[in-house]
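As you go down the protein sequences, you meet chains A and B in turn. Read in order, the letters of the first sequence are residues 1 to 214 in my numbering. Read in order, the letters of the second sequence are residues 1001 to 1692 in my numbering. See below for the structure under consideration.
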Amino acid sequence: MSSYDWGLHDPVPGPQTRLWDEADHEHDLMSTRLFGFWLYMLSDSLIFAALFTAYEVLTFPMSFAGGPTPRDVASPIYGYAETIVLFTSVLAYGMVMVNLKKERTRPAMAWLALSLAIGLGFIGMEYHELHDVALAGGPPQRSGFLSIFWAIVVVHGVHLAIGLLWMVVMLVQIARQGFTQLVTYRLANLKVYWLYQGLIWTFVYTFVYLRGSI
Amino acid sequence: MTDVQGHWDWLFGRLTIQQVPYDNLVVGTAFIFAAIVGLAIVGALTYYRWWGTLYRDWLTTIDHKRIGIMYGLVGTVMLFRGFVDAIMMRTQQVMAAGPLSHGYLGAEHGYLPPYHYDQIYGSHGTIMLIFAATPILAGFMNYLVPLQIGARDMAFPYLNALAFWMTAVGAGLVMISLFIGDFSHAGWVGLAPLTELPYSPDVGVDYWTWALQIGSIGTTIGAVNIIATIVKMRAPGMTWMRLSLFTWTSLTTNVIGLTAFPVLGVAIGLLSLDRYFGTHFYTTGVGGNFMLYTDLFWIWGHPEVYFIILPSWGMMSEIIPTFSQKKLFGYPVMVAATLSIGCISWTVWLHHFFTMGAGPIVNTFYSIATMLVAIPTGVKVFDWALTMVRGRLTFPTPMLWAVSAIFMQIIGGWTGMMLAVPSINYMTHNSVFVIAHFHCVVMVTVFAAVGGATFWFPKMFGFTLHERSGQWVFWLLVGGSFFVFTAMFLLGLTGMPRRLAYVPYAGWWPLLVIEEIGIFVDIAALVAFVWQITVSIRDRNLNRATRDPWGTARSLEWITHSPVPVYNFAVIPHVNARDEWAWRREHHLEHIMPERYADIELPVNTPVPMLIGACTAAFGFAMVWRIWWLAIASLVAIFVIVILRSFTSGGHTIIRADDIRRMEDQAMRAPRRSSAGMVPGAVPAFRTGAAE
Chain A
1 MSSYDWGLHD
11 PVPGPQTRLW
21 DEADHEHDLM
31 STRLFGFWLY
41 MLSDSLIFAA
51 LFTAYEVLTF
61 PMSFAGGPTP
71 RDVASPIYGY
81 AETIVLFTSV
91 LAYGMVMVNL
101 KKERTRPAMA
111 WLALSLAIGL
121 GFIGMEYHEL
131 HDVALAGGPP
141 QRSGFLSIFW
151 AIVVVHGVHL
161 AIGLLWMVVM
171 LVQIARQGFT
181 QLVTYRLANL
191 KVYWLYQGLI
201 WTFVYTFVYL
211 RGSI
Chain B
1001 MTDVQGHWDW
1011 LFGRLTIQQV
1021 PYDNLVVGTA
1031 FIFAAIVGLA
1041 IVGALTYYRW
1051 WGTLYRDWLT
1061 TIDHKRIGIM
1071 YGLVGTVMLF
1081 RGFVDAIMMR
1091 TQQVMAAGPL
1101 SHGYLGAEHG
1111 YLPPYHYDQI
1121 YGSHGTIMLI
1131 FAATPILAGF
1141 MNYLVPLQIG
1151 ARDMAFPYLN
1161 ALAFWMTAVG
1171 AGLVMISLFI
1181 GDFSHAGWVG
1191 LAPLTELPYS
1201 PDVGVDYWTW
1211 ALQIGSIGTT
1221 IGAVNIIATI
1231 VKMRAPGMTW
1241 MRLSLFTWTS
1251 LTTNVIGLTA
1261 FPVLGVAIGL
1271 LSLDRYFGTH
1281 FYTTGVGGNF
1291 MLYTDLFWIW
1301 GHPEVYFIIL
1311 PSWGMMSEII
1321 PTFSQKKLFG
1331 YPVMVAATLS
1341 IGCISWTVWL
1351 HHFFTMGAGP
1361 IVNTFYSIAT
1371 MLVAIPTGVK
1381 VFDWALTMVR
1391 GRLTFPTPML
1401 WAVSAIFMQI
1411 IGGWTGMMLA
1421 VPSINYMTHN
1431 SVFVIAHFHC
1441 VVMVTVFAAV
1451 GGATFWFPKM
1461 FGFTLHERSG
1471 QWVFWLLVGG
1481 SFFVFTAMFL
1491 LGLTGMPRRL
1501 AYVPYAGWWP
1511 LLVIEEIGIF
1521 VDIAALVAFV
1531 WQITVSIRDR
1541 NLNRATRDPW
1551 GTARSLEWIT
1561 HSPVPVYNFA
1571 VIPHVNARDE
1581 WAWRREHHLE
1591 HIMPERYADI
1601 ELPVNTPVPM
1611 LIGACTAAFG
1621 FAMVWRIWWL
1631 AIASLVAIFV
1641 IVILRSFTSG
1651 GHTIIRADDI
1661 RRMEDQAMRA
1671 PRRSSAGMVP
1681 GAVPAFRTGA
1691 AE
């Protein structure tokens, strides 16, 4: 089977022809589940794509409705600090995976806890920021622009909160079960999820914070 | 939280006894009908002592075949509901044409007041597309894809069950809205800003958003599962270019589902934010932009159209070669056409609102993009036609449906090309010409799905459907549809707008009468269909199916028994050719059975997906009626259930090799016809675990 014939020609059966796969080979659970999770991430990307589309539409001046503009609500300096914090959490999670490869449970749990704590710090910073925006006359009900600003930041925040909850669950599962196959694939999927939230944040930071400050 | 009109208290939210429209004769009749059917089902379950098997073998199942059948049942029930909506709309329009038309039951013209009529067309569209066509096709894909790729199960059987329950909950919310509160009066597309709280203060739009939101979560999860199944679970030898066309279209359709449905989630999620939190995404003032809604909705909506049509084309591509006794003409081109339609589906959404005023350049882009769809679609039509050329043609009911679907496709496609021209579109926009066009296209799905149901029914249930009554169904439905849609095209060309509760111009009445006649012929088709099912079940022992009841089937699912055993394939087949079953038949290999059997491990059933579904139903209902405590409680319950389940490893049941050998031998010995009682050799298809 060196050349691929596009299935155009059906073979002629001979003594070598196999009709049944009696070995009954196993499908690789780990790779199937990772692939499935990547598919989920694709659909999640489309959620953010739609939100960024709405953001582009709702940043025309008429959508400010005389209220705050992107420059007023998004501080690139504060956003930069948030970026650093979130990326540190992602980095800490990377160390979890390093320890997973070396099958060291306790350091993995320590890094996971650290990643969790830093992630919580990010949520706290975001809460502080939105609290200030709301007090400074920028609640989501104020204008179309503020509606989408809040929507993007909060949807990203909710994703992070679910990731943090997931981390808590994984901490318990590593402690109780060690690196079983199920725990391992969940940790690998959580890695994809957590890195992806960092990636989405770079889009939020670029489109909302950096471009907003121009 | 925004303030709402009317009563609200913390315990029941907006729900009061006045919200049950018991004084409405139309809804009351529907309620009595639903109650009788419901009581009959409960009575039958109790009388035949089926509650146990209903719970153990169906509600808690994670077997893709049973989930597929349940999808089909939900879709068929909803199809009936949507069809009743259609009858009501046709009857209203024929009764309410011209200023001299009489009014009944409190309506000024006809028998439905405008607000009620508007809810009916909203629910007709929502139900037919989202809760009838989508589940029925999901049912086919669930049932057939693992069999066609030679897999024993889905990649994610548990997620699959969850997807089914989400869809069922969405459908359930639509049904509840009939008897408690209202449904959306803003059309199935949710015309913004009409869906905003000031213009739709009732719960109708909330029912619509939550039904759609929950149902679309189900479709997205299901898409992940089916794509992963096709990519990861294929049998040895099942290369990409050997996949059957139905599997290819399932793959494409689910890529569309995976990527399009999240956009719908955002579109109606932002609408819900407007309605619940008072934000300004789609409002007319304070910086909102309601065309943003229209864009986002159709960015999902047009791919959704192809989501519905592609599996239907897949089914036609299976049926036509079978009854032409030839392999499918131009298979690689057909695959390419399928994939390219999937891609183009993303680039055409603006043709739904050429009249928005986006300007000539934008309209030209979308016009050309839309016309591009005609190229791969034309390729498909020619491929089907050339498959039949010089074939040994037979015309049992599946083939009749498939061939008439090609004709329907041509009519729908041609009128679609007319609508793709912006200058024509400006004149036909929002006229019933558009309705007639897309109904013709959706009828392709109906025809293909009925054909597919007839085609694969023996594979699913072990006996063939009654042929003669099936032909009655065919001729009645095709004839009725001809009357309805020909008249509708003419009405559209003479300028009749869509969504009319009152038809102001009496000159349209004769054509409306023709439509009414047509839909009564369709009702006769429905009666014939019920008769067909009844006769087929009565005579099932005379029509027992062998592995390949048609004698000329081609793809892999026909290698295994009918009905398909719980383990699908006793031994996974090694695939040697594109149409493996036809190849084995042509080389006289079809009777060679495996020499050895091994133990088969299958996942055990679990009530968890059903529990999550129940919590989601409570959540949706609570959100509609703004019962906050219930919404929070059910959301927390969902999280708790998911987390708790992650601590269990999920059990397995093992079917012993000896049992498999015994079941396989029995199935091969099974007598084809028997006049009385159960067929002794039938494979216990719907039992888990070892044979009894």
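Positions of the beta carbon are idealized from the N, C-alpha and C atoms, including for glycine. These numbers come from a predicted model, not from an experiment.
Which one of 1602(B), 1354(B), 1464(B), 1266(B) has the shortest CA to CA distance from residue 1424(B)? 1354(B)
Distance cutoff 8 Å, beta carbons only. Does residue 40(A) sit that close to anything in chain B? For residue 40(A), a Cβ of chain B is located within less than 8 Å of the residue's own Cβ.
Would you please verify whether the beta carbon of residue 68(A) is less than 8 Å from any beta carbon of chain B? no
Buried or exposed (CB count within 10 angstroms, at least 16 for buried), residue 62(A): Burial state of residue 62(A) is exposed, judged by a 10 Å Cβ sphere holding fewer than 16 other Cβ atoms.
DSSP state of residue 1332(B) mapped onto helix, strand, coil: helix
Inter-residue Cα distance where the pair is residue 1648(B) and residue 1608(B): 11 Å
Let me check one thing: in DSSP terms, what residues is residue 1404(B) bridge-paired to? Paired residue(s): none; residue 1404(B) is not in a bridge.
What residue range is occupied by the uninterrupted alpha helix (DSSP H) comprising residue 1652(B)? From DSSP, residue 1652(B) is part of no alpha helix (DSSP H) but of the beta strand (DSSP E) over 1652-1655.
Span separating the alpha-carbon of residue 1515(B) from that of residue 1006(B): 41 Å
Please name the residue, chosen from 1130(B), 1520(B), 1386(B), that lies closest to residue 1076(B) on a Cα-to-Cα basis. Taking residue 1076(B) as reference, the option from 1130(B), 1520(B), 1386(B) with the minimal CA-CA separation is 1130(B).
CB contact below 8 Å: residue 1754(B) versus chain A: The structure shown does not extend to residue 1754(B), since chain B spans only 1001 to 1692, so no value can be given for it.
Reduced DSSP secondary structure (H/G/I, E/B, other) of residue 1600(B): strand
N- and C-terminal bounds of the alpha helix (DSSP H) containing residue 1190(B): Neither: residue 1190(B) is in no alpha helix (DSSP H) and is coded neither H nor E.
Alpha carbon to alpha carbon, how far is residue 154(A) from residue 1219(B)? Give it in angstroms, no decimals. 25 Å
For residue 117(A), would you say it is in contact with chain B, using Cβ-to-Cβ distances shorter than 8 Å as the test? no
Determine whether the Cβ of residue 20(A) lies closer than 8 Å to any Cβ atom of chain B. yes
Candidates 1248(B), 1292(B), 1132(B), of which the one nearest residue 1073(B) by Cα: That would be 1132(B), whose Cα lies nearest to the Cα of residue 1073(B).
Which of the three DSSP states is assigned to residue 1012(B) in this structure? coil
Host alpha helix (DSSP H) of residue 1090(B) (start-end): 1064-1095
Residue 1158(B) versus 1226(B), 1125(B), 1118(B), residue with shortest Cα-Cα distance: 1226(B)
For a cutoff of 8 Å on Cβ pairs, would you count residue 10(A) as touching chain E? Structure shown: chain E not included; protein chains present are A and B.
Nearest residue (CA-CA) to residue 1472(B), options 1506(B), 1446(B), 1522(B), 1513(B): Cα-wise, what sits closest to residue 1472(B) is 1522(B).
Can residue 1182(B) and residue 1169(B) be called in contact, C-beta distance under 8 Å? It is not a contact, given that the beta carbons lie outside the stated cut-off.
If we cut at 8 Å on Cβ distances, does residue 1233(B) have a partner in chain A? Yes, its Cβ sits closer than 8 Å to a Cβ of chain A.
What does the alpha-carbon distance come out to for the pair residue 1377(B) and residue 1341(B)? 8 Å
Sorry if obvious, but does the Cβ on residue 1089(B) come closer than 7 Å to a heavy atom of the ligand FAD? This structure simply doesn't include the ligand FAD, nor any ligand for that matter.
Between residue 1340(B) and chain A, is there a C-beta pair that is closer than 8 Å? Interface with chain A (8 Å Cβ-Cβ cutoff): residue 1340(B) is excluded.
Measure the alpha-carbon distance for residue 1237(B) versus residue 1549(B) and round it to whole angstroms. 25 Å
Same chain, Cβ closer than 6 Å to residue 205(A), neighbours up to 5 away in sequence not counted: 79, 83
So residue 1161(B) packs on residue 1069(B), CB below 8 Å; how close in whole Å? Beta-carbon to beta-carbon, residue 1161(B) and residue 1069(B) are separated by about 13 Å, too far to satisfy the 8 Å threshold.
Got a sec: is the Cβ-Cβ distance from residue 17(A) to anything in chain B below 8 Å? yes
Starting from the C-beta of residue 1627(B), find all residues in its chain whose C-beta is less than 6 Å away, skip the five residues before and the five after it, and write them out in chain order. 1013
Where does residue 103(A) land, buried or exposed, given buried means 16+ other C-beta within 10 angstroms? exposed
What three-state label does DSSP hand residue 115(A) in the structure shown? Correct three-state label for residue 115(A): helix.
Residue 1090(B): which of 1480(B), 1402(B), 1349(B) sits nearest, CA to CA? Ranking the options by Cα distance to residue 1090(B), first place goes to 1480(B).
Would you be able to state if there are at least three C-beta pairs under 8 Å between the segment 1136-1154 of chain B and the segment 1111-1121 of chain B? no
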